[in-house]
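Chemist: Read in order, the letters of the sequence shown are residues 980 to 1599 in our numbering.
First the structure, then my questions, so here it is.
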Amino acid sequence: MRVIGTAGHVDHGKSTLVKALTGIDPDRLKEEKERAMTIDLGFAWLTLPSGNIASIVDVPGHEAFIKNMLAGVGGMDAAMLVIAADEGAMPQTLEHLAILDLIQIKGGIVALTKIDAVPDREWISLISEDIHKELRDTILAPAKIIPVSAKTREGVDDLLRELDALLQTVTPRADKGKPRLAIDRVFSMAGFGTVVTGTLLDGALAVGTEIEIVPGGKRGRVRGLQTHKEKIERANPGTRVAVNLSGLRVEDLERGQLVTLPGTYAATTLIDAQLRYLDSAAKPLAHNAEVDFFVGAAESPARVRLLDKDQLKPGETGWVQLHLARAVVVDKQDRFIVRYASPSITVGGGIVIDPIATTRHRRMRAQVITRLETLARGSPEEIVVQFLARANAPLDAKQIASGTGLDNEIVTRALNSSREIFALGAGFFLAASQWHALAEKIRRALADFHQQYPLRAGMPREELKSRLGLAPRAFDQVIERAAEEKILAASQDLVRAPDFSVRFAPALETKVNALLAEIERAPYAPPSAQEIESALGAETLAALIAQEKLVRLNESVIFAPRVLQTVRAWVIATIRADGNVTAAQVRDHFNTSRKYAIALLEYLDATRVTKRVGDARVLH
């Protein structure tokens, strides 16, 4: 699941375009419909040409509601910057563009709307050139500009195709096993109770999971999950989801709080960060300047302590410590926005370096700056996790030390202390996110194999190893751990989904039963392998052999297992009594043909029950 967010100036047609794309009106409030203006976040969804489903978060464009806009940008995978062709880039267009650049949105596209209201195509070309100039030196510099009219639907299909292509280039949200949902709506629904919505990040939530609200510390349980009005049992990272919570009242919750697992995250009022001050700011940022701080769906007044400069000039970046008036929850590498309260305007943003700073730093200290620079590059644990996440296979400690440049002792400590590292047997390690991805790849590979070959008992281990691209030792450890976690079931040669078994279709089942009955009636003169294959098919014959309902002695001879047991017992008894046995004796005793008698004796030779001496057999 991917999330697209709109951005752009008021009255440039964001909500109208969303409705044209999805058939859903994202303006849900009565006041929004009366004023024909988006005031709060709106939500919709659509099925893209590829068949993938995407959520859309529609944000307000009016400068008075920019705080509501900021509550929606944190969970976006890509942005759709909406610019009206009859007006071009306007003040909130540029502010929204600056915000997208500050949060480093993963991808974007420009929808040039209202093309039905402009005089000619030359005008569209001129406006597009102006827009490219505004996008230059921003994260959206590569963005395509798609002319579109929600009124006539011209260009709507082109926009859908480009959105589809864009989202396929965006890396899926990682599952770090630390789910967090920043609440952007809280409401009560008759018959269900308290419901919150948001975009789920960094982990999955399932029905029945115990959760904690941070800040606040109140506990509850996931009673139900919905995405796009469809009930689900589990929500994965990157999903727009509505969570029905039991044990919590609407009055207990507010926008900006986090739904997470108990004990996973803590609230903070002191954050170390790197701040980029926009070159469009009207004045330098002074030490101890007061700003409004926005992260996820949360906001708080804050004071900015400059740690490496007396002031931050427009266009500069510096190390800062943010003192927040209200506690928020952030994680390392989270992106944030800062705005002046008066005049109300975005002036900068940055990246969280230490989410829970414990010390009020002294300014202009080299050791403080060195520490922040080191943290920005990553702690040893984070460096190892990042290295493993980029690796294509499980690695051992020696390989990790070589790849990261860290010494063996530091790597060992990191491997033992990080909850984001997954240990396999025999000293192999994966990033937790990589293990989850690998497990999902195994599930998909087995599901595809079982669908393609429903009569085969399982996929050959070597085939799965090839699909996963793993070295033999690492593959063996992956299979062992996957079997422990019930991701697959494994035998010496095959792997299969845990709940898979070969099942014949009713018509085929009838044919199989008829053939087995025929063999039972004449057990020592069964049909040949070629006759069985002609009657049932090669896959069915292979399935019967795998199920040990039939045994292949050679290319053309097949018997029921019971026959082999009977023949084996008689041959052993005869040799013990007479000293040996011949093919003619087997033929005559079981009233079979010489061909079958020889095949039976060669089978006993191969299984080391007998051995040939001249024309006779003796015990091995």
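C-beta atoms are modelled at their ideal positions from N, C-alpha and C, and glycine is treated no differently.
(1) Am I right that residue 1415 and residue 1181 are in contact with their C-beta atoms under 8 Å? What's the rounded C-beta distance?
(2) By Cβ distance below 7 Å, which residues in the same chain neighbour residue 1246 in space, the five residues on each side in sequence not counted?
(3) Determine the contact status of residue 1165 and residue 1232, defining contact as a CB-CB distance below 8 Å.
(4) Compare the C-alpha of residue 1088 against each of 1099, 1055, 1105 and 1551 and name the closest.
(5) Since residue 1322 is in the alpha helix (DSSP H), which residue starts that stretch and which ends it?
(6) On a Cα-Cα basis, can you pick out the residue from 1538, 1294, 1299 and 1281 that is closest to residue 1288?
(7) List the residues that DSSP assigns as beta-bridge partners of residue 1223.
(8) Using 10 angstroms around the beta-carbon of residue 984, count the other beta-carbons present and answer buried if the total reaches 16, otherwise exposed.
(9) Give me, in chain order, the residues of the same chain whose beta-carbon lies closer than 7 Å to that of residue 1494; leave out the 5 immediate sequence neighbours on both sides.
(10) Terminal residues of the continuous alpha helix (DSSP H) containing residue 995?
(11) Express the C-alpha separation of residue 1037 and residue 1017 in angstroms, rounding to a whole number.
(12) Would you mind working out which of 1333, 1075, 1426 and 1478 sits nearest residue 1248, comparing C-alpha positions?
(13) Since residue 1474 sits in a beta bridge, which residues does DSSP pair it with?
(14) Buried or exposed for residue 1412, going by 16 or more other Cβ atoms inside 10 Å?
(15) Express the C-alpha separation of residue 1218 and residue 980 in angstroms, rounding to a whole number.
(16) Using 10 angstroms around the beta-carbon of residue 1009, count the other beta-carbons present and answer buried if the total reaches 16, otherwise exposed.
(17) What is the DSSP secondary structure of residue 1420, counted as helix, strand or coil?
(18) Can you give the beta carbon distance from residue 1101 to residue 1125, rounded, assuming they're within the 8 Å contact cut?
(19) For residue 1387, count neighbouring C-beta atoms within 10 Å of its own C-beta (all shown protein chains included) and say buried if the count is 16 or more, exposed if not.
(20) Taking the DSSP output, what are the residues bridged to residue 983?
(21) Using DSSP with H/G/I as helix, E/B as strand and the rest coil, what is residue 1008?
(22) Identify the residues that DSSP records as bridge partners of residue 1247: which are they?
(23) With burial defined as no fewer than 16 other Cβ atoms inside 10 Å of the residue's Cβ, what is the status of residue 1176: buried or exposed?
(24) Indicate the three-state DSSP secondary structure (helix, strand or coil) for residue 1513 in the structure shown.
(25) Do residue 1293 and residue 1259 have their C-beta atoms closer together than 8 Å?
(26) Measure the alpha-carbon distance for residue 1473 versus residue 1120 and round it to whole angstroms.
(27) Please look up how many angstroms separate the CB atoms of residue 1223 and residue 1187, rounded, as I've assumed it's under 8 Å.
(28) I'd like the list of long-range same chain contacts for residue 1595, defined as Cβ closer than 8 Å, with 5 residues on each side in sequence excluded.
(29) Taking C-alpha atoms, which residue in 1456, 1478 and 1376 lies nearest to residue 1425?
(30) Taking residue 1105 as the reference, give the member of 1067, 1569, 1383 and 1349 with the closest Cα.
(31) State the DSSP-derived secondary structure class of residue 1389, mapped to helix, strand or coil.
(32) How far does the alpha helix (DSSP H) with residue 1135 in it extend, from its first residue to its last?
(33) Flag this pair as yes or no: are the beta carbons of residue 1272 and residue 1227 separated by less than 8 Å?
(34) To test your reading of the DSSP string, which unbroken beta strand (DSSP E) runs of 3 or more residues are found completely within the stretch 1571-1595?
(35) Buried or exposed: where does residue 1356 fall if 16 or more other Cβ atoms within 10 Å of its Cβ makes it buried?
(36) Taking residue 1238 as the reference, give the member of 1185, 1209 and 1255 with the closest Cα.
Modeler: In terms of the structure at hand:
(1) Within the sequence shown, numbered from 1, the residue matching residue 1415 stands at position 436. Within the sequence shown, numbered from 1, the residue matching residue 1181 stands at position 202. Rounded, the Cβ-Cβ distance is 11 Å, inconsistent with contact.
(2) As a first step, residue 1246 must be located in the sequence shown, where it is residue number 267. Excluding positions up to five away in sequence, the list reads 1193, 1194, 1306, 1307 and 1308.
(3) Within the sequence shown, the letter at position 186 stands for residue 1165. Within the sequence shown, the letter at position 253 stands for residue 1232. Yes. Within cutoff.
(4) Working through the sequence shown from its first residue, we reach residue 1088 at position 109. The shortest Cα separation from residue 1088 among 1099, 1055, 1105 and 1551 belongs to 1055.
(5) Taking the sequence shown and counting its residues from 1, one reaches residue 1322 at position 343. Residue 1322 -> no alpha helix (DSSP H), and no H or E assigned at all.
(6) For this step, residue 1288 is matched to residue 309 along the sequence shown. When only C-alpha atoms are compared, the closest one is 1299.
(7) The residue given as residue 1223 occupies position 244 in the sequence shown. 1174 and 1203.
(8) The count along the sequence shown starts at 1 and reaches residue 984 at position 5. Buried, because 16 or more other Cβ atoms sit within 10 Å of the Cβ of residue 984.
(9) For the purposes of this step, residue 1494 is taken as the residue at position 515 of the sequence shown. Taken in chain order, the residues that qualify are 1511, 1514 and 1515.
(10) Taking the first residue of the sequence shown as position 1, residue 995 is located at position 16. Unbroken alpha helix (DSSP H) run through residue 995: 993-1001.
(11) The count along the sequence shown starts at 1 and reaches residue 1017 at position 38. The count along the sequence shown starts at 1 and reaches residue 1037 at position 58. Residue placement at residue 1017 is poorly supported in this model, since its pLDDT is 41, which falls under 50; the coordinates are not used for a value here.
(12) Against the sequence shown, residue 1248 aligns to sequence position 269. Selected option, being the one with the closest Cα: 1333.
(13) In the sequence shown, counting from the first residue as 1, residue 1474 sits at position 495. According to DSSP, which records beta bridges pairwise, residue 1474 is partnered with 1438 and 1469.
(14) In the sequence shown, counting from the first residue as 1, residue 1412 sits at position 433. The residue is buried, with at least 16 neighbouring Cβ atoms inside 10 Å.
(15) In the sequence shown, residue 980 corresponds to position 1, counting from 1. In the sequence shown, residue 1218 corresponds to position 239, counting from 1. Residue 980 and residue 1218: Cα-Cα distance of roughly 5 Å.
(16) Translated into the one-based positions of the sequence shown, residue 1009 becomes position 30. Residue placement at residue 1009 cannot be trusted, given a pLDDT of 47 that sits under 50; the coordinates are not used to answer.
(17) Position 441 of the sequence shown, counted from the start, is the residue given in the question as residue 1420. In the structure shown, residue 1420 sits in a helix (DSSP, three-state: H, G or I).
(18) By one-based count along the sequence shown, residue 1101 stands at place 122. By one-based count along the sequence shown, residue 1125 stands at place 146. Incorrect: roughly 18 Å between the Cβ atoms, too far for contact.
(19) Along the sequence shown, one-based indexing puts residue 1387 at 408. The residue is exposed, with fewer than 16 neighbouring Cβ atoms inside 10 Å.
(20) If you number the sequence shown from 1, residue 983 lands on position 4. Answer is 1035 and 1057, bridged to residue 983.
(21) Here residue 1008 refers to the residue found at position 29 of the sequence shown. Confidence at residue 1008 is low in this model, with a pLDDT of 43, below 50, so its placement is unreliable and no value can be given for it.
(22) The residue you call residue 1247 lines up with position 268 of the sequence shown. DSSP, once it has assigned bridges, lists 1307 as partnering residue 1247.
(23) Along the sequence shown, read from residue 1 onward, the residue named residue 1176 stands at position 197. Buried is the call here.
(24) Counting from one through the sequence shown, the residue named residue 1513 turns up at place 534. In this structure, residue 1513 counts as helix in the three-state DSSP scheme.
(25) To locate residue 1293, count along the sequence shown from 1; it is residue 314. To locate residue 1259, count along the sequence shown from 1; it is residue 280. Closer than 8 Å, so yes.
(26) In the sequence shown, the residue the question calls residue 1473 occupies position 494. In the sequence shown, the residue the question calls residue 1120 occupies position 141. If I take the Cα positions, the gap works out to 50 Å.
(27) Counting from one through the sequence shown, the residue named residue 1223 turns up at place 244. Counting from one through the sequence shown, the residue named residue 1187 turns up at place 208. Rounded, the Cβ-Cβ distance is 12 Å, inconsistent with contact.
(28) Translated into the one-based positions of the sequence shown, residue 1595 becomes position 616. For residue 1595, where only same-chain residues beyond five positions count, the Cβ hits under 8 Å are 1559, 1560 and 1561.
(29) Taking the first residue of the sequence shown as position 1, residue 1425 is located at position 446. Considering only alpha carbons, the answer is 1478.
(30) Here residue 1105 refers to the residue found at position 126 of the sequence shown. Cα-wise, what sits closest to residue 1105 is 1067.
(31) Looking up residue 1389 in the sequence shown gives position 410. DSSP places residue 1389 in helix when its eight states are reduced to three.
(32) Within the sequence shown, the letter at position 156 stands for residue 1135. First-last of the alpha helix (DSSP H) with residue 1135: 1135-1146.
(33) The residue labelled residue 1272 in the question sits at position 293 within the sequence shown. The residue labelled residue 1227 in the question sits at position 248 within the sequence shown. Not closer than 8 Å, so no.
(34) 1589-1592
(35) Taking the sequence shown and counting its residues from 1, the one referred to as residue 1356 is at position 377. Flag for residue 1356 reads exposed.
(36) For the purposes of this step, residue 1238 is identified with residue 259 of the sequence shown, where counting begins at 1. Among 1185, 1209 and 1255, the Cα nearest to that of residue 1238 is on 1185.
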